[in-house]
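Engineer:
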Amino acid sequence: MTVSPSSLRAGILTLALAVGLAACADDGIAPDQLAPDGPAALKADDGTKLTGWHFTLNIIGVDHAKTAEMEANTENGIGSRMFVLLNFDDGDNTGDCFWYDDPTECDNVDARTLRKENKIFLTEGDDFAVMDANATDRDGGEFVLPNPDPDGDGVTAYQVFARALGKPGGKADMSTCATQLFDPDGVPDSGDEYEEVICSTEAYVYSAERKNGRPITENVTEELLFVSAYFDPDDYATDSAVQCLVDRGDLTNTAGDDEPVLLQLPLFDRCLENYFWDYDNNGLKLLQLRFYPVE
Numbered sequence: 059m060t061v062s063p064s065s066l067r068a069g070i071l072t073l074a075l076a077v078g079l080a081a082c083a084d085d086g087i088a089p090d091q092l093a094p095d096g097p098a099a100l101k102a103d104d105g106t107k108l109t110g111w112h113f114t115l116n117i118i119g120v121d122h123a124k125t126a127e128m129e130a131n132t133e134n135g136i137g138s139r140m141f142v143l144l145n146f147d148d149g150d151n152t153g154d155c156f157w158y159d160d161p162t163e164c165d166n167v168d169a170r171t172l173r174k175e176n177k178i179f180l181t182e183g184d185d186f187a188v189m190d191a192n193a194t195d196r197d198g199g200e201f202v203l204p205n206p207d208p209d210g211d212g213v214t215a216y217q218v219f220a221r222a223l224g225k226p227g228g229k230a231d232m233s234t235c236a237t238q239l240f241d242p243d244g245v246p247d248s249g250d251e252y253e254e255v256i257c258s259t260e261a262y263v264y265s266a267e268r269k270n271g272r273p274i275t276e277n278v279t280e281e282l283l284f285v286s287a288y289f290d291p292d293d294y295a296t297d298s299a300v301q302c303l304v305d306r307g308d309l310t311n312t313a314g315d316d317e318p319v320l321l322q323l324p325l326f327d328r329c330l331e332n333y334f335w336d337y338d339n340n341g342l343k344l345l346q347l348r349f350y351p352v353e
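Heads up: the sequence shown begins at 59 in my numbering, then just goes up one per residue.
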């Protein structure tokens with residue numbers, strides 16, 4: 059992984075702790091902003107035992123929009139909480155395409171009409187950090203995280219695990235989205251271009267639900283670190299993402315009708331822009347995300 063680690067705190071750590079910090083540094087994720095697991099490590103539904111240093115993001119559902127200032131004034135962020143509305147679901151307003159029987163026939167949504175409540179906008183950085191903890195207002199929240207696949211080989215440098223906590227009840231759908239430049243008439247620089255939203259198809263949306271019993275920890279790396287969507291080579295003239303994908307060889311644009319192709323693009327892939335998580339909440343009070351470096 060190529061993400062540069064932050065400077066380690068010196069002179070206050072025991073030798074054993076220093077060894078653990080060095081291991082995190084080798085993975086490229088700054089250990090001074092990660093935390094160790096407690097004595098009882100979690101085990102994910104895929105069998106992964108969650109041990110070692112990690113970053114935790116708690117997504118907290120609240121009844122009413124927050125008005126307090128929640129923007130960080132340093133690059134270290136403002137804690138590890140993100141507030142979202144407890145009951146907010148804008149459905150097709152984000153272009154998720156759930157209402158289509160065939161996701162390849164989805165019409166993406168104009169980003170200018172996008173409601174930003176319960177949107178967590180993602181920015182690439184060296185470390186994990188909450189820069190704006192208020193996703194209940196009209197600006198949305200902001201979360202900084204490292205590029206999950208800096209070398210573009212499809213293998214992530216860290217994984218994400220999620221579990222719904224708190225009292226039983228409530229559920230939420232969380233999808234990864236981005237934007238592309240759309241040109242309706244296919245004529246470059248004609249002045250009618252605008253940004254449109256592309257979200258992962260339904261099969262790649264993480265659905266969290268707090269049921270009775272012990273909370274389940276799920277591996278959501280694929281759902282939250284990739285945009286998994288259909289791209290049609292026939293849209294080369296109108297879609298900037300398709301142009302980028304064809305030009306670098308990920309899509310083939312041939313004469314005649316080409317079938318849409320399902321591709322998984324990692325966060326911060328240059329063929330898309332303005333990455334964010336769309337959080338449709340139906341009463342879920344707490345969703346915890348944990349980010350673990352891949353050893």
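Think of the CB as a built atom: it goes at the ideal place given N, C-alpha and C, for glycine as much as any other residue.
1) Suppose only complete runs of 3+ residues qualify. What are the beta strand (DSSP E) ranges in the region 236-278, listed by chain order?
2) Assuming the contact rule is C-beta atoms closer than 8 angstroms, G199 and F186 should be a hit. Round their C-beta distance to whole Å, please.
3) For E127, is the classification buried or exposed, using 16 other Cβ atoms within 10 angstroms of its Cβ as the cut-off for buried?
4) Taking a contact to mean a Cβ-Cβ separation below 9 angstroms, would you say D290 touches P318 in this structure?
5) Out of L115, H122 and V278, which has the shortest C-alpha to C-alpha gap to G135?
6) Provide the residue(s) that pair with H122 in DSSP beta bridges, ordered along the chain.
7) In terms of residues, what are the limits of the alpha helix (DSSP H) holding P304?
8) Would you list the residues sitting across from M140 in a DSSP beta bridge?
9) Determine the burial state of E353: buried for a count of at least 16 other Cβ atoms within 10 Å of its Cβ, exposed for fewer.
10) Smallest Cα separation from F334: which of G183, L108, E129 and V285?
11) Relative to the C-alpha of G105, which residue among M189, G244 and F219 is closest?
12) Cutting at 6 angstroms between CB atoms, please list the residues of its own chain near V300, excluding the five before and the five after it.
13) Under 9 angstroms between the Cβ atoms of G341 and K269?
14) By alpha-carbon positions, which one of D327, D316, I117 and Q346 ends up nearest to D209?
15) Near Q346, which residues of its chain fall below 6 angstroms by C-beta distance, leaving aside the five closest residues on each side in sequence?
16) In whole angstroms, give me the CA-to-CA distance for F349 and E129.
17) Can the beta-carbon of D121 be found less than 9 angstroms from the beta-carbon of D231?
18) The beta strand (DSSP E) spanning F284 covers which residue range?
19) Under 6 angstroms Cβ to Cβ from L73, same chain only, skipping five residues before and after it: list those, please.
20) Near A102, what residues of its chain come up, given a Cβ to Cβ distance below 8 angstroms and the 5 sequence neighbours on each side ignored?
21) For E175, does the three-state DSSP call read helix, strand or coil?
22) Can you tell me the Cα-Cα spacing of D51 and L203, whole angstroms?
Structural biologist: Taking the geometry as given:
1) 252-257 and 264-267
2) Actually they are not in contact, since the Cβ atoms of G199 and F186 sit about 14 angstroms apart, beyond 8 angstroms.
3) exposed
4) yes
5) L115
6) Note: H122 sits in no beta bridge, so no partner.
7) Looking at the sequence provided, one finds Val at residue 304 rather than Pro. Element bounds for V304: S298 to D305.
8) I117
9) exposed
10) V285
11) F219
12) F289, D293 and Y294
13) no
14) D327
15) N116, R221 and L223
16) 22 angstroms
17) no
18) F284 to F289
19) Bear in mind that the predicted position of L73 carries a pLDDT of just 28, short of 50, making it unreliable; the figure below should be weighed with that in mind. So no residue of the chain qualifies.
20) L108, F219, T275, E276 and N277
21) coil
22) Nothing can be reported for residue 51, as the shown portion of the chain is limited to 59 through 353.
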